[in-house]
Amino acid sequence: MVNCQTIISALALSALAAPAAAAAVGPGLNPGKRFTLDLVPVKRGPAHPAARWVTINETIGRGSHRPFDNSTCKRYPGYTFDASWRPLGEILGDVCEDKVTIGGITAEKQAIQLALHMSQEISEHLKDDGNIGFAFTGANSILPDPQKPWFENVKNDLQDAVFVVDLRRGGPGSIDFGFVDPKYTSRVFWAYVDSGSGFWKFIADGYMIGQGSGFGDWFSGILDTGNDLILLPQEFVKHYYKHVPDAVFDEGQGGYIFPCNTTLPAWTVIIEYGLFTVPGNEINVGPVGNGSCYGGIQGNGGLPYAIFGNLFFGQVIIIFESKDGHPPMVGFATKA
Numbered sequence: 296m297v298n299c300q301t302i303i304s305a306l307a308l309s310a311l312a313a314p315a316a317a318a319a320v321g322p323g324l325n326p327g328k329r330f331t332l333d334l335v336p337v338k339r340g341p342a343h344p345a346a347r348w349v350t351i352n353e354t355i356g357r358g359s360h361r362p363f364d365n366s367t368c369k370r371y372p373g374y375t376f377d378a379s380w381r382p383l384g385e386i387l388g389d390v391c392e393d394k395v396t397i398g399g400i401t402a403e404k405q406a407i408q409l410a411l412h413m414s415q416e417i418s419e420h421l422k423d424d425g426n427i428g429f430a431f432t433g434a435n436s437i438l439p440d441p442q443k444p445w446f447e448n449v450k451n452d453l454q455d456a457v458f459v460v461d462l463r464r465g466g467p468g469s470i471d472f473g474f475v476d477p478k479y480t481s482r483v484f485w486a487y488v489d490s491g492s493g494f495w496k497f498i499a500d501g502y503m504i505g506q507g508s509g510f511g512d513w514f515s516g517i518l519d520t521g522n523d524l525i526l527l528p529q530e531f532v533k534h535y536y537k538h539v540p541d542a543v544f545d546e547g548q549g550g551y552i553f554p555c556n557t558t559l560p561a562w563t564v565i566i567e568y569g570l571f572t573v574p575g576n577e578i579n580v581g582p583v584g585n586g587s588c589y590g591g592i593q594g595n596g597g598l599p600y601a602i603f604g605n606l607f608f609g610q611v612i613i614i615f616e617s618k619d620g621h622p623p624m625v626g627f628a629t630k631a
């Protein structure tokens, strides 16, 4: 077993475009080669949720991204991947196998997606040299047979088959593998996960606006660090902005905006009797011009689940548990 005290923690965070967004960055090692990756517990972007892709010298459209040395990588004949990321384009390429180490934890035989083509829009959007996902094998985009993500390959070597995400807006956060740090003293509320789609999908029991009482029946949601906002069913979104003076849906911005000096109400989600609140000031994610600001709560485009992005991660400690022989679970605790 890996000693929990040696496991990676206190990773640096790199801010993305929106003020509430953050993504953990850590080194991936190809024997002796250090490489900067975006660590994403769940991501609906170019990595796909369970994938590990990297740029290489041959990547068309790589731009300034540092290439991964794939000289020791054993190719999988006939295996490919094609990951779309609307509206920015796609990444596609081949698949190989190599040793991957993160924070002293090594997967000896890890499938790696080698990007041979990257859309220019994606190359310009991404800050890091590659991406590693922590969702389930079922979401993997490798063909003809999906391959296990890194965490699934190493989890049985850890003290406990968990990873804990604690992201902080505008500052350092952490992703801990194999243990739950005792510094987290808040009560944990556990929800079962439906992993059939490949996502960490759970059931929320309702929501609250401001200091009001709970609203709505249960609804499903996924945890997604590839999204900066909280995306909800349209009726939930309309309900929230009825409580925001002068809020309007702006077609040009593709979402709700409001005067920047508006005081926004908090939004609280109810999960297994736990209340997890996003303060109103955090829901104002920034100006879009003419004295208007963009809201961090927007519509989910008709998807059958809500999407809890970095705006939510910034307020909550989230424990992802995936033990063999047991249904996966996700635990939520308030930050100290």
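Residue numbers (our numbering): 296 to 631. In this text, a Cβ means the ideal position worked out from N, Cα and C, and glycines have one as well.
Quiz prompt | Buried or exposed (CB count within 10 angstroms, at least 16 for buried), threonine 480 | solution = exposed
Quiz item: Leaving out the 5 sequence neighbours to the left and right, which residues in its chain are closer than 7 Å to alanine 456 when beta-carbon positions are compared?
Solution: Lys450, Glu616, Ser617 and Lys618
Quiz item: Going straight from the alpha carbon of glutamate 577 to that of isoleucine 417, what length do you get?
Solution: 27 Å
Quiz item: Which residue comes first and which comes last in the alpha helix (DSSP H) that contains glutamine 529?
Solution: 529-536
Quiz item: From glutamate 567 to tryptophan 485, what distance separates their C-alpha atoms?
Solution: 7 Å
Quiz item: Buried or exposed: which applies to lysine 369, given that a residue is buried once 16 or more other Cβ atoms fall within 10 Å of its Cβ?
Solution: exposed
Quiz prompt | For asparagine 628, the residue or residues it bridges with in DSSP | solution = Correcting the residue identity first, residue 628 is alanine in this sequence and not asparagine. Paired residue(s): Ile612.
Quiz item: At a cut of 8 Å, does the stretch 585-592 reach the stretch 523-538 through at least three beta carbon pairs?
Solution: yes
Practice problem: Per DSSP, which residues does arginine 370 bridge with? Please list them. | Solution: Cys391
Quiz item: Measuring CB to CB, does proline 560 end up less than 8 Å from glycine 575?
Solution: yes
Self-check item: Close-in-space but distant-in-sequence residues of the same chain around proline 326 (CB under 7 Å, 5 per side omitted)
Solution: Any reading at proline 326 is ruled out, since the residue's pLDDT is 40, under 50, leaving its predicted position unreliable.
Quiz prompt | C-alpha distance - phenylalanine 603 paired with serine 515, whole-angstrom precision | solution = 10 Å
Exercise. Give a yes or no on whether the C-beta atoms belonging to serine 587 and cysteine 555 are separated by under 8 Å.
Key: yes
Quiz item: Where does the unbroken alpha helix (DSSP H) through tryptophan 445 begin, and where does it stop?
Solution: 445-449
Quiz prompt | Euclidean distance between Cα positions of valine 475 and phenylalanine 431 | solution = 21 Å
Quiz item: According to DSSP, what are the bridge partners of threonine 401?
Solution: Thr396
Quiz item: Can you give the Cα-Cα distance for aspartate 471 and valine 459, rounded to whole angstroms?
Solution: 5 Å
Self-check item: Separation of asparagine 365 from glycine 501, as counted between CA atoms
Solution: 47 Å
Quiz item: Of all the options Ile427, Ile400 and Thr401, which has the alpha carbon lying nearest to the alpha carbon of leucine 409?
Solution: Ile427
Quiz item: For the beta strand (DSSP E) that glutamine 593 lies in, which residues bound it at each end?
Solution: 592-594
Self-check item: Beta-carbon proximity check, phenylalanine 429 vs proline 441, cutoff 8 Å
Solution: no
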